[in-house]
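Novice: If you scroll down you'll find the structure; I have some questions about it.
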Amino acid sequence: MFKIKKGDIVQVMKGKDSGKRGRVLNILASGERRRALVEGLNLVKKHKRQGRQDEKGGIISIEAPIDTANLMLFCKNCQRPGRVGFSILKDRTKVRFCKGCKEPI
Ligand SMILES: [Zn+2]
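In our numbering, the protein residues as written are 174 to 278.
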């Protein structure tokens, strides 16, 4: 089980978008490394090739993956990024909780 997953609200802790928040659109995993695409963050400009005649070519901004090591899960309860812990319920399902307020995330 991972601390950060798709649909989470995360805060960037390092880099040019440090301090900004966004929603995880997707997780990209390769080996040990996990990176996340976060909505509206770590944007890079890409040249779009001209397609059909009615389609304009040009420069578009797309999200580049951010290493999950540089992200923290944002706790709505604490209104700040929270450290994530795991606990196991009676029915053996594993849940994440915020170490700050002890609320499940
Ligand atoms: Zn919290």
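All residues carry an ideal CB built from backbone N, CA and C; glycine is no exception.
(1) Taking 8 Å as the threshold (C-beta atoms), are Lys-176 and Leu-262 in contact?
(2) Quick check on DSSP: helix, strand or coil for Ala-242?
(3) Reducing DSSP to helix, strand and coil, say where Ser-191 ends up.
(4) What does DSSP give as the partner residue(s) for Gly-258 in the beta ladder?
(5) Cutting at 8 Å between CB atoms, please list the residues of its own chain near Lys-272, excluding the five before and the five after it.
(6) Going by Cα to Cα distance, which pick from Lys-187, Arg-208, Gly-204 is closest to Ser-238?
(7) Beta-carbon separation of Leu-216 and Leu-210 under 8 Å?
(8) At what residues does the beta strand (DSSP E) containing Leu-214 begin and finish?
(9) Quick check: Met-186 and Asn-243, are their CB atoms within less than 8 Å of each other?
(10) Between Val-183, Asp-190, Ser-260, which lies nearest to Arg-141 when the distance is taken from Cα to Cα?
Specialist: Walking through what the data contain:
(1) Between Leu-262 and Lys-176, the CB-CB gap reaches or exceeds 8 Å.
(2) helix
(3) In the three-state reduction of the DSSP assignment, Ser-191 falls in the coil class.
(4) Phe-270
(5) Gly-255, Arg-256, Val-257, Gly-258
(6) Going by the sequence as given, residue 238 is Pro instead of Ser. Checked all of Lys-187, Arg-208, Gly-204; the closest Cα to Pro-238 is Arg-208.
(7) no
(8) Taken as a continuous stretch (DSSP letters only), Leu-214 belongs to no beta strand (DSSP E), as it is neither H nor E.
(9) yes
(10) Since the first and last residues shown for the chain are 174 and 278, residue 141 lies out of range.
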